[in-house]
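Asker: Take this structure, written in structure tokens, and hold onto it; I'll ask about it next.
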Amino acid sequence: MSTANPQESLVAFKRIIEQKELYDPARHDDHLLYRFLRARKYDLEKTELMFRNCEEWRKAQNIDEIVSSFAFQEDSLVHAIYPRFYHKTDKLGRTIYIEQLKNLDVPKLMQTTTQERLITKHIREFEKFTRYRLPACSTKKGTHIEQGLTILDLKGVPLSQFNQVRKIIQSLSAIASDYYPETMGKMCIINAPTLFTAVWAVVKNMIDENTAAKISIMGSGYQKQLLELIDAENLPHFLGGACNCPGGCEFSDLGPWNDGTVQGYPIEIWEDFKKRDRGWAGFGVGVGMTGNPLYVGWANSTGGYTVVSAFAKSQAQPTPVSPQDITVVPLGVSAPSWAKVSFAFSRSANGISSTSSYVYAYSGTAPTGNKDSISASYTQHDNTGSISGVNFLSNSAATTSSGALSIASSFWVLFTATFALLL
Numbered sequence: 136m137s138t139a140n141p142q143e144s145l146v147a148f149k150r151i152i153e154q155k156e157l158y159d160p161a162r163h164d165d166h167l168l169y170r171f172l173r174a175r176k177y178d179l180e181k182t183e184l185m186f187r188n189c190e191e192w193r194k195a196q197n198i199d200e201i202v203s204s205f206a207f208q209e210d211s212l213v214h215a216i217y218p219r220f221y222h223k224t225d226k227l228g229r230t231i232y233i234e235q236l237k238n239l240d241v242p243k244l245m246q247t248t249t250q251e252r253l254i255t256k257h258i259r260e261f262e263k264f265t266r267y268r269l270p271a272c273s274t275k276k277g278t279h280i281e282q283g284l285t286i287l288d289l290k291g292v293p294l295s296q297f298n299q300v301r302k303i304i305q306s307l308s309a310i311a312s313d314y315y316p317e318t319m320g321k322m323c324i325i326n327a328p329t330l331f332t333a334v335w336a337v338v339k340n341m342i343d344e345n346t347a348a349k350i351s352i353m354g355s356g357y358q359k360q361l362l363e364l365i366d367a368e369n370l371p372h373f374l375g376g377a378c379n380c381p382g383g384c385e386f387s388d389l390g391p392w393n394d395g396t397v398q399g400y401p402i403e404i405w406e407d408f409k410k411r412d413r414g415w416a417g418f419g420v421g422v423g424m425t426g427n428p429l430y431v432g433w434a435n436s437t438g439g440y441t442v443v444s445a446f447a448k449s450q451a452q453p454t455p456v457s458p459q460d461i462t463v464v465p466l467g468v469s470a471p472s473w474a475k476v477s478f479a480f481s482r483s484a485n486g487i488s489s490t491s492s493y494v495y496a497y498s499g500t501a502p503t504g505n506k507d508s509i510s511a512s513y514t515q516h517d518n519t520g521s522i523s524g525v526n527f528l529s530n531s532a533a534t535t536s537s538g539a540l541s542i543a544s545s546f547w548v549l550f551t552a553t554f555a556l557l558l
């Protein structure tokens, strides 16, 4: 059953979901309900089914828990393979979301993370989009903003991987269409190969007219078309705009939600998102100017490596080192057959300072893939000179701990547990 009048449809739809105990006024404002109605062309029966499925999915996924607790420590590694980021707003005040597929190596991506974790991260980003980004954009523009503009860059996508890439994008896009309907205001597909453009000419006649109107297929000469939608100062320079954010537009996440132009933003949780996702990207072992210091590096917000400390057996305290002195071995690729990494840090609490140092020893043959195992040993040295061990696998005390883990798992267990101490 459908009704032609949007307002009448809204009233009728509210009545239906209230009767079926699906309606929560705190979460379901009129704008959200209208999005579901539009997605099903105001057919109340189909809209109710879509809405019910969404509510059941949100409960099964425990969405609030994902927002408050999910940590994607592999974020910097995934970003290097599959860059996806928000950057400012278009001329209508909508968020600009950019995906670049040129480095998307699907087998490598699946060694770095899992499809399940990639989807969970995608869900969390959609929640950030609807809960925080869009309200900030609405306040900045002075009108309700509920959609975004997406730029999908196909430049350099290997044809050999196109089918795998398509499957990844489809699995993520299904979340948007099923559970966050009518949030895409415009999609610009740039650097589209000729074959893609030819296929689209046929496909667009087979899909909903309103959806087709939102999609623009552009070749390599896309700059003029993008600048019709986006002010030059808001478009990254590598896409033909004039913006060149310090540290790189792809890492700035700049917009009304965090640029200080909207009162109340950025909200407190925004920094927490960054901290949760700040994981170890690799470790390095090198020789410094004196002695034989051992280095640790982690991926910072600009995608580079920041050396936290160096520590040698002859040193009582760690000393800073330069980034150029570190040889980084990223996770998920071949590692030395043996490596030792020492790490130290200081922190203060209630006026009392303490210093701790950690030594990690990795032994085993050089891994060649995600399935190879590596033995990990851990020993903690505190500033009193005593030695204690922690078994990260069972979280129980032990002199040392070792175990066969996948290369990704063993590194992540050790590195993320250590990094949590710093935060």
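Residue numbers (our numbering): 136 to 558.
No residue lacks a Cβ here, since even glycine has one placed at the ideal position from N, Cα and C.
On a predicted model such as this, the values are computed, not experimentally measured, just so you know.
Tell me which same chain residues have a C-beta within less than 8 Å of the C-beta of Ile-310, skipping the five on either side of it?
Answerer: Ile-254, His-257, Ile-258, Phe-261
Asker: Does the beta-carbon of Thr-248 have 16 or more other beta-carbons within 10 angstroms, so that it is buried, or is it exposed?
Answerer: buried
Asker: Mind checking Val-213: buried by the 16 CB within 10 Å criterion, or exposed?
Answerer: buried
Asker: From Pro-242, Ile-324, Arg-268, pick the residue whose C-alpha is nearest to that of Lys-302; which is it?
Answerer: Pro-242
Asker: Using DSSP bridges, identify the partner residues of Ile-352.
Answerer: Within the DSSP bridge table, the entry for Ile-352 names Ile-324 as partners.
Asker: Indicate, with yes or no, if the ligand FMN has a heavy atom lying under 7 Å from the CB of His-279.
Answerer: Ligands are entirely absent from the displayed structure, and the ligand FMN is therefore not among its contents.
Asker: Skipping 5 residues on each side, what residues in its chain have a beta carbon closer than 8 Å to that of Thr-278?
Answerer: So the qualifying residues of the chain are Gly-228.
Asker: Let's test the definition: count the other Cβ atoms within 10 Å of the Cβ of Asn-379 and tell me whether it reaches 16, buried, or not, exposed.
Answerer: By the neighbour-count criterion, in which a residue is buried when 16 or more other Cβ atoms sit within 10 angstroms of its Cβ, Asn-379 is exposed.
Asker: Comparing the C-beta of Leu-179 with each C-beta of chain D, is any distance below 8 Å?
Answerer: Considering every chain present, this structure includes no chain D. It has just one protein chain.
Asker: Can you list the beta strand (DSSP E) stretches of 3 or more residues lying completely in the stretch 368-416, in chain order?
Answerer: none
Asker: Assuming Ile-365 is part of the alpha helix (DSSP H), what are its boundary residues?
Answerer: It is not in any alpha helix (DSSP H) - Ile-365 carries neither H nor E in the DSSP assignment.
Asker: Just list the residues that DSSP pairs Thr-224 with in beta bridges.
Answerer: Paired residues: Thr-230.
Asker: Since Asp-288 is in the beta strand (DSSP E), which residue starts that stretch and which ends it?
Answerer: 283-288
Asker: Spatial neighbours of Tyr-357 within its chain, please: CB distance less than 6 Å, with the 5 preceding and 5 following residues excluded, ordered by chain position.
Answerer: Ile-325
Asker: Thinking C-beta only, is Ile-231 closer than 8 Å to Ile-352?
Answerer: No, the Cβ-Cβ distance between Ile-352 and Ile-231 is not below 8 Å.
Asker: What would DSSP say about Gln-235, mapped onto helix, strand or coil?
Answerer: strand
Asker: Which residues does DSSP pair with Met-319 in a beta bridge?
Answerer: The partner list for Met-319 (beta bridge, DSSP) reads Gly-283.
Asker: Secondary structure at Arg-219, three-state DSSP: helix, strand or coil?
Answerer: In the three-state DSSP reduction, Arg-219 falls in the strand class (E or B).
Asker: Determine whether the beta carbon atoms of Phe-134 and Asp-388 lie at a separation below 8 Å.
Answerer: Past the edges of the chain, shown from 136 to 558, lies residue 134, and the structure says nothing about it.
Asker: For Leu-239 and Ile-198, what's the separation of their Cα atoms in angstroms?
Answerer: 27 Å
Asker: Taking the C-alpha atoms as reference points, what is the distance between Gly-375 and Phe-207?
Answerer: 31 Å
Asker: Once you ignore the five residues that flank Glu-190 on each side, which residues in its own chain have a CB closer than 7 Å to its CB?
Answerer: For Glu-190, where only same-chain residues beyond five positions count, the Cβ hits under 7 Å are Leu-157.
Asker: How far does the alpha helix (DSSP H) with Met-341 in it reach, from first residue to last?
Answerer: Premise fails: Met-341 is in no alpha helix (DSSP H) and is neither H nor E.
Asker: Buried or exposed: where does Gln-305 fall if 16 or more other Cβ atoms within 10 Å of its Cβ makes it buried?
Answerer: exposed
Asker: Do you know how far the Cα of Arg-187 is from the Cα of Ala-161?
Answerer: 17 Å
Asker: Identify whether Ala-552 lies in helix, strand or coil by the three-state DSSP scheme.
Answerer: Because the pLDDT at Ala-552 is just 28, under 50, the model does not fix this residue reliably, and the value given afterwards should be weighed accordingly. Looking at Ala-552 - three-state DSSP - the assignment turns out to be helix.
Asker: If you draw a straight line from the alpha carbon of Ile-342 to that of Asp-394, how long is it in whole angstroms?
Answerer: 38 Å
Asker: Taking the alpha carbon of Ile-384 as the point to measure from, which residue in Val-292, Pro-218, Glu-406, Phe-408 has its own alpha carbon closest?
Answerer: Strictly speaking, residue 384 in this sequence is Cys, with Ile absent from that position. Answer by Cα proximity: Pro-218.
Asker: Run through DSSP, which three-state label would Val-300 get?
Answerer: helix
Asker: Kindly list the residues whose CB is nearer than 6 Å to the CB of Phe-264, restricted to its own chain and excluding five residues on each side of it in sequence; keep chain order.
Answerer: Apart from sequence neighbours up to five positions away, no residue of its chain approaches Phe-264 with a beta-carbon distance below 6 Å.
Asker: Considering only the alpha carbon of each residue, which of Val-337, Gly-354, Met-245, Ser-308 lies closest to Thr-329?
Answerer: Gly-354
Asker: Of the residues Tyr-267, Gln-398, Glu-180, Lys-149, which one's Cα is nearest the Cα of Asp-165?
Answerer: Lys-149
Asker: Helix, strand or coil for Lys-149? Go by DSSP, reduced to three states.
Answerer: helix
Asker: In three-state DSSP terms, what is Phe-171?
Answerer: helix
Asker: Could you tell me the alpha carbon to alpha carbon distance between Thr-285 and Glu-317, rounded to whole angstroms?
Answerer: 13 Å
Asker: If distances are taken between C-alpha atoms only, which option among Thr-274, Pro-293, Ala-347 comes closest to Tyr-400?
Answerer: Thr-274
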